[in-house]
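Chains as they are written, first to last, in this note's numbering: chain X, 1 to 212; chain Y, 213 to 415. We put the beta carbon where it would ideally sit given N, CA and C, even for glycine.
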Amino acid sequence: MHIHELNPWRTLIALSAFIVILIIGFLTMPKPLISYEKTISESVNALVESDAYFYPWELEQVIAKETDTIVLFDLRNNFIFGQGHIPGAENLSASTLSREENIERMKELRDMGVTVVLYGDTQLDANGPSMLFRQVGFNNVKVLLGGYQYYLQHKDDLYSTVDDDGYMKGVARFDYAEMAAPKDGATLSNDQDAQPVQVQRRQKSNVAAGGC
Amino acid sequence: MNKNYIILTILMLVLAVGTLFLTMKHEPKQIDPQELLQEIIQPTRYVSTDQVAKMIIQGDPSLMLVDVRSIYEYEEYTLPGAINVPLEELLVNDNLLYFGIPGKKVIFVSNDDIQADQMWVLTKRLGYGSTYVMKGGINCWMQTIIDPQRPAETAAATDFETYSFRKGAQMYFTGAGSEDAGSGQVNVQVQRRQKSNVAAGGC
């Protein structure tokens, strides 16, 4: 006779212990520091949100210390930060962003309802980190338009930049078609129809079984 | 039949059905946020307009230019050989099939470089490699390739090499630009305020 048929209670005790250990294991699994709060399609739609951007003239109130709900983080490295930065900004080098204490600090600031403005030398430097933070649920993160370079050029009169659009990105600054129109002797012709673009797509199906 | 075996079978069936419910989400495969953050802070994804011009002129078969602007801007003007995948239409139709082709270098292009960078972050999150961003965008392309700025006479020799390459590229893409005078002419020192160091490579 099998031992399990002789003593059913032992089986049950062993089984319960096994399940309890499994449950404890799942519950005490270390949670990742950050995880996605937005799906990919939500992230695509969120790119047009205008509240993700911080305008240069809004820096005036931060510099004058008139507000305590906005925090400036400088993403450049410590040495460059020491050479000059926006008054009131803290240094948070991009390379240290993934450290636990910095993530915890970001979480605290979010819970306090503080707006976090990231800036780098250019807007491009702050674009990636701010996108990531917004995707993992930090909706209080904004990018400084124009970056440090634009601030440096206009720091004596930031309010006048309301009328300027030098910090705006994504705008065509030239009449492309006219400027690049081929004159005589061009190797490339402008006739796009004559030369169809070679489009390549990834093969969806798996050809592994038959071999090619 | 023994009671224990019945209980065990029922338990296993319950667990099996439970795993069915776990895989209901249809999110595409993605990389961890920590890994994505590590990739984002690397500056290795940026290529210059000179590098892109060189690849086009040489007919590099691994080049895949992706214009992330709207279809209207794309039809108005785009870089030679570029395909159009608007930023908002990343997940539409089969647009994702353009990425992940082995051996291809995907270079994202927009008016400046912000939208191209945004596209880069999204495709990186989806796990696609071999993707790059053209720094400065088409605005920079106009200033460096279509209408290159002559460096100041006091500039380094490499700036002049870059300039002669760009003049050649200008000739290739537009056919213009053969009016540069030969040596022996006195060059008038024209002082212009340099907004950005375009001649030295960047925008």
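{"query": "Take TYR375(Y) and list the residues in its own chain whose beta-carbon comes closer than 7 Å to its own, dropping the five residues that flank it on each side.", "result": "PRO360, ARG362, PRO363 and ALA411"}
{"query": "For MET276(Y), is the classification buried or exposed, using 16 other Cβ atoms within 10 angstroms of its Cβ as the cut-off for buried?", "result": "buried"}
{"query": "Near ILE34(X), what residues of its chain come up, given a Cβ to Cβ distance below 7 Å and the 5 sequence neighbours on each side ignored?", "result": "ILE103 and VAL136"}
{"query": "Would you call ASP157(X) buried or exposed, if buried means 16 or more other Cβ atoms sit within 10 Å of its Cβ?", "result": "exposed"}
{"query": "May I have the straight-line CA-CA distance separating SER95(X) from GLY339(Y), to the nearest angstrom?", "result": "21 Å"}
{"query": "Is the separation between the beta-carbon of ALA328(Y) and that of VAL280(Y) shorter than 9 Å?", "result": "yes"}
{"query": "If you count every other CB in all the chains shown that lies within 10 Å of the CB of GLN123(X), and 16 or more means buried, which is it?", "result": "buried"}
{"query": "Closest to ILE319(Y) by CA distance: which of MET354(Y), TYR284(Y), SER274(Y) and ILE252(Y) is it?", "result": "SER274(Y)"}
{"query": "Taking the beta strand (DSSP E) that ILE319(Y) belongs to, which residues open and close that run?", "result": "317-321"}
{"query": "How many Å lie between ILE21(X) and ILE243(Y) at the Cα?", "result": "30 Å"}
{"query": "Given that a residue counts as buried once 16 or more other Cβ atoms are within 10 Å of its Cβ, and exposed if not, what is ASN323(Y)?", "result": "buried"}
{"query": "Indicate whether at least one CB of chain X lies closer than 9 Å to the CB of LEU223(Y).", "result": "yes"}
{"query": "By how many angstroms is the C-alpha of PRO30(X) removed from the C-alpha of GLY166(X)?", "result": "47 Å"}
{"query": "Whole angstroms is fine: what's the gap from GLN330(Y)'s alpha carbon to VAL114(X)'s?", "result": "25 Å"}
{"query": "Assuming GLU300(Y) contacts ASN307(Y) under a Cβ cut-off of 8 Å, what Cβ separation, rounded to an integer in Å, is found between them?", "result": "11 Å between Cβ atoms; not a contact."}
{"query": "Consider the Cβ of TYR344(Y): report whether some Cβ of chain X lies at a distance smaller than 9 Å.", "result": "no"}
{"query": "When DSSP labels each residue in this structure, what does VAL229(Y) get in the three-state scheme?", "result": "helix"}
{"query": "Quick check: the Cα distance between GLY349(Y) and VAL278(Y), rounded to an integer number of angstroms?", "result": "12 Å"}
{"query": "Please give me, in chain order, every unbroken run of the beta strand (DSSP E) with length at least 3 that falls completely inside the region 121-167 of chain X.", "result": "141-144"}
{"query": "Straight-line CA distance for GLY292(Y) to GLY230(Y)?", "result": "Position check: residue 292(Y) holds Pro in this sequence, whereas Gly was assumed. For PRO292(Y) and GLY230(Y), the distance between alpha carbons rounds to 53 Å."}
{"query": "Within 10 angstroms of its Cβ, does ASN140(X) collect 16 or more other Cβ (buried), or is it exposed?", "result": "buried"}
{"query": "Count Cβ pairs between the region 37-56 of chain X and the region 258-269 of chain Y that sit closer than 8 Å; are there 3 or more?", "result": "no"}
{"query": "Cα separation between PRO146(X) and LEU75(X)?", "result": "Going by the sequence as given, residue 146(X) is Gly instead of Pro. Spanning the two alpha carbons is a distance of roughly 14 Å."}
{"query": "Among all the DSSP beta bridges, which residues are the ones paired with LEU118(X)?", "result": "PHE73(X) and VAL143(X)"}
{"query": "Are the C-beta of GLU288(Y) and some C-beta of chain X separated by less than 9 Å?", "result": "yes"}
{"query": "Using a Cβ-Cβ cut-off of 9 Å, state whether PHE311(Y) counts as contacting chain X.", "result": "yes"}
{"query": "Rounded to whole angstroms, how far is the Cβ of ILE252(Y) from the Cβ of GLY128(X), which I believe are closer than 8 Å?", "result": "4 Å"}
{"query": "How is LEU15(X) classed by DSSP in three states: helix, strand or coil?", "result": "helix"}
{"query": "Is PHE385(Y) close to chain X? Criterion is C-beta to C-beta, closer than 9 Å.", "result": "yes"}
{"query": "Rounded to whole angstroms, what is the Cα-Cα separation between ILE40(X) and GLU373(Y)?", "result": "44 Å"}
{"query": "Please report whether the beta-carbon of THR161(X) lies at a distance below 9 Å from any beta-carbon of chain Y.", "result": "no"}
{"query": "Could you name the residues of the same chain whose beta carbon sits closer than 6 Å to that of ILE326(Y), not counting the 5 residues immediately before and after it, in chain order?", "result": "none"}
{"query": "Output yes or no for whether 9 Å exceeds the beta carbon distance between TYR289(Y) and ALA126(X).", "result": "no"}
{"query": "Under 8 Å between beta-carbons, which chain Y residues line up against SER43(X)? List them in chain order, please.", "result": "LEU334 and ARG337"}
{"query": "Taking LYS347(Y) and TYR258(Y) to be in contact with their CB atoms under 8 Å, please state how far apart those CB atoms are, rounded to whole angstroms.", "result": "4 Å"}
{"query": "Determine the closest residue to ILE86(X) out of THR69(X), GLY25(X) and VAL62(X), with distance taken between C-alpha atoms.", "result": "VAL62(X)"}
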